[in-house]
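Residue numbers for the sequence shown follow full-length UniProt numbering, beginning at 1 and rising by one. Every residue gets a Cβ at the ideal spot worked out from N, C-alpha and C, and that includes glycine. Since the model is a prediction, treat every value here as computed from it, not as a measurement. A short worksheet on the structure shown next.
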Amino acid sequence: CGVCGKRFAYGHSLRVHERVHTGDRPFRCALCGKAFKQSNALASHARVHTGERPFACRTCGKAF
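Shown next, in the form of structure tokens:
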């Protein structure tokens, strides 16, 4: 990274990391407008609107 010197094995990883320094948030929620640095964060956020809870506790079964 030209800003902090952190090194990456893959160019894609460097480009994602650079968003830490630039503040770029290219992934925007179409429902509320909240923006994210990574597409997986947007996908996780979308569950707020859908109510989807894809995981369950193995002990009590509560979904989250």
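Next item on the list: Can you grab the Cα-Cα spacing for the pair C4 / C60, in whole Å?
Entry: What you label residue 4 is simply residue 4 of the sequence shown in a count that begins at 1. What you label residue 60 is simply residue 60 of the sequence shown in a count that begins at 1. So the two alpha carbons sit approximately 44 Å from each other.
Item checked: Same chain, Cβ closer than 8 Å to A56, neighbours up to 5 away in sequence not counted -> Walking along the sequence shown from the start, residue 56 turns up at place 56. Take A56, set aside five residues on each side of it, and the residues of its chain with a beta-carbon closer than 8 Å to its own are K62, A63 and F64, in chain order.
Note to self: Assuming contact is defined by CB atoms lying nearer than 7 Å, are L31 and H45 in contact in what I supplied?
What the structure shows: As a working note, residue 31 is residue 31 in the sequence shown. As a working note, residue 45 is residue 45 in the sequence shown. Taking 7 Å as the Cβ cut-off, L31 and H45 do not qualify as a contacting pair.
Item checked: Cα-Cα separation between K37 and H12, rounded to whole angstroms -> Here residue 37 refers to the residue found at position 37 of the sequence shown. Here residue 12 refers to the residue found at position 12 of the sequence shown. Straight-line spacing of the CA atoms in K37 and H12 works out to 13 Å.
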